[in-house]
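Comments concern the structure below.
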Amino acid sequence: MINLPQRPRRNRKNATIRSLVQENSVTVNDLIFPLFLTEGKNKRSEITSMPNIYRYSSDLLLKEIESCLKLGLNTFCLFPSLNDKLKDKKATESSNKKGLYPSTIKEIKKKFPEAIIMTDVAMDPYSSDGHDGFVKNGQILNDETLDILAKMALVQAEAGADIIGPSDMMDGRVGFIREALDDNGFTDVSIMSYTAKYASAFYGPFRDALDSAPKFGDKKTYQMDPANSREALLEADLDFNEGADFLMVKPALSYLDVIKLLNDNFNLPIAAYNVSGEYAMVKAAAEKKWIDGDKIRDEILLSIKRAGASVILTYFAKEFALSKK
Ligand code: PBG
Numbered sequence: 055m056i057n058l059p060q061r062p063r064r065n066r067k068n069a070t071i072r073s074l075v076q077e078n079s080v081t082v083n084d085l086i087f088p089l090f091l092t093e094g095k096n097k098r099s100e101i102t103s104m105p106n107i108y109r110y111s112s113d114l115l116l117k118e119i120e121s122c123l124k125l126g127l128n129t130f131c132l133f134p135s136l137n138d139k140l141k142d143k144k145a146t147e148s149s150n151k152k153g154l155y156p157s158t159i160k161e162i163k164k165k166f167p168e169a170i171i172m173t174d175v176a177m178d179p180y181s182s183d184g185h186d187g188f189v190k191n192g193q194i195l196n197d198e199t200l201d202i203l204a205k206m207a208l209v210q211a212e213a214g215a216d217i218i219g220p221s222d223m224m225d226g227r228v229g230f231i232r233e234a235l236d237d238n239g240f241t242d243v244s245i246m247s248y249t250a251k252y253a254s255a256f257y258g259p260f261r262d263a264l265d266s267a268p269k270f271g272d273k274k275t276y277q278m279d280p281a282n283s284r285e286a287l288l289e290a291d292l293d294f295n296e297g298a299d300f301l302m303v304k305p306a307l308s309y310l311d312v313i314k315l316l317n318d319n320f321n322l323p324i325a326a327y328n329v330s331g332e333y334a335m336v337k338a339a340a341e342k343k344w345i346d347g348d349k350i351r352d353e354i355l356l357s358i359k360r361a362g363a364s365v366i367l368t369y370f371a372k373e374f375a376l377s378k379k
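In the numbering used here, the protein residues as written are 55 to 379.
Given below as structure tokens:
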């Protein structure tokens with residue numbers, strides 16, 4: 055025998071030992087399931103580029119949430135898909151207390167108080183320009199957008215939202231929203247900031263789902279350059295100081311280094327958004343039987359956890375929960 059004092063294979067020799075030395079694992083408790091809400095009754099339409107993911111009318115969304123809760127999947131992030139007629143330059147519908155989004159949140163919290171509801175704060179689902187901020191003369195105006203975002207967040211908090219999720223990437227929005235929430239008595243409502251949200255091509259299927267692609271230009275004046283990671287530390291510093299409760303990195307897979315960077319440098323829970331394009335790629339290849347979709351899903355989620363995210367937003371959440379039953 056060759057003299058090898060260290061033989062790492064000893065700790066891999068059977069499944070029990072492997073599980074004994076396993077450093078990371080994913081459970082349903084780590085996951086947030088993004089759900090798409092649409093107008094109407096008894097309506098469910100599949101998103102073409104996201105097999106098995108649907109836009110639900112509120113009655114069916116409640117049923118979907120109920121079936122997730124039975125699987126132990128308790129946290130949801132809601133996105134509204136609105137008719138173009140409701141969209142305008144100022145995203146007026148986003149602060150309509152009687153609108154589809156807040157009224158559905160109210161219904162969910164009434165029926166399932168144990169469900170945790172995270173919202174989306176950004177103008178794009180409501181904007182006729184398809185941008186996350188207020189557009190004037192082709193520019194996305196930062197400070198003018200903050201008022202709109204804060205109003206939107208307040209309506210969501212009043213409706214019963216547990217976690218507010220600003221996904222807009224305007225400067226100063228976390229502090230601005232935190233102050234608005236606190237001034238109105240919502241000190242217990244959390245903020246999960248989309249801290250390092252990159253200008254990414256991986257959002258394509260999501261924009262199909264909401265029909266929310268920008269009508270002109272791109273999002274590069276507010277979302278981050280995929281070439282940068284030090285800049286993520288700057289964003290994280292700001293969000294930390296402005297009162298964020300979670301720091302999120304988005305997308306997840308091409309940004310595992312950024313997840314690790316934030317986890318190494320900040321004592322807040324780190325979240326990662328395993329986005330629509332990441333889901334679509336796995337589903338498309340699995341459909342062609344080029345990969346084993348279930349095994350790839352589990353490996354992807356594990357890699358995001360290992361990189362340092364304790365919370366994962368993922369379209370795989372329900373099928374992962376089902377696979378554990
Ligand atoms: C926009 C928003 C986007 C996503 C969540 N919120 C897309 C974008 O910035 O254009 C993407 C989520 C996904 O791709 O799964 N506020």
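By construction, the Cβ of each residue, glycine as well, lies at the ideal position given by its N, Cα and C atoms.
Nearest CA to the CA of residue i: which residue from the options?
i: V365; options: Y327, S377 and K342; result: Y327
i: D388; options: G94, A215, S103 and S99; result: Look at the range of the chain in this structure, 55 to 379, and you will see that residue 388 is not part of it.
i: N238; options: P259, M177, A204 and P323; result: A204
i: V175; options: D236, K343 and T199; result: T199
i: I358; options: N68, T70, L89 and V80; result: V80
i: I324; options: T102, Y309, S283 and L301; result: L301
i: E161; options: E373, D138 and L115; result: L115
i: K378; options: A363, D352, E100 and N150; result: D352
i: K141; options: L322, S181, P259 and S254; result: S181
i: L355; options: F374, E341, E120 and R98; result: F374
i: V82; options: F240, C122 and K165; result: C122
i: K124; options: S111, N96 and E168; result: E168
i: Y257; options: V75, E77 and S103; result: S103
Ends of the beta strand (DSSP E) at residue i?
i: A306; result: Per DSSP, A306 belongs to no beta strand (DSSP E) and is neither H nor E.
i: M172; result: I170 to M172
i: M104; result: M104 to S111
Over the uninterrupted alpha helix (DSSP H) stretch that includes residue i, give me the two end residues.
i: N295; result: R284 to E296
i: I350; result: G347 to A361
i: T70; result: A69 to V75
i: I231; result: R227 to D237
Let's test the definition: count the other Cβ atoms within 10 Å of the Cβ of residue i and tell me whether it reaches 16, buried, or not, exposed.
i: K337; result: buried
i: K190; result: exposed
i: G126; result: exposed
i: N106; result: exposed
i: V312; result: buried
i: E100; result: exposed
i: R61; result: exposed
i: P305; result: buried
i: K251; result: buried
Would you please verify whether the beta carbon of residue i is less than 8 Å from any beta carbon of chain D?
i: Y333; result: Although the question refers to chain D, the structure presented lacks it and comprises just one protein chain.
Relative to the ligand ADP, is the shortest distance from any of its heavy atoms to the C-beta of residue i smaller than 7 Å?
i: S377; result: Looking for the ligand ADP in the displayed structure turns up nothing; the ligands present are the ligand PBG.
Segment contact, 8 Å Cβ cut-off, at least three pairs: the segment 152-164 with the segment 190-201: no
Stretch pair the segment 351-371 + the segment 327-341: three plus CB contacts closer than 8 Å: yes
Any 3 or more C-beta pairs closer than 8 Å across the segment 284-297 and the segment 200-216: no
Stretch pair the segment 244-251 + the segment 217-226: three plus CB contacts closer than 8 Å: yes
At least three beta-carbon pairs within less than 8 Å, the segment 265-273 to the segment 176-193: yes
The segment 222-239 in contact with the segment 256-269 per 3-pair CB rule at 8 Å: no
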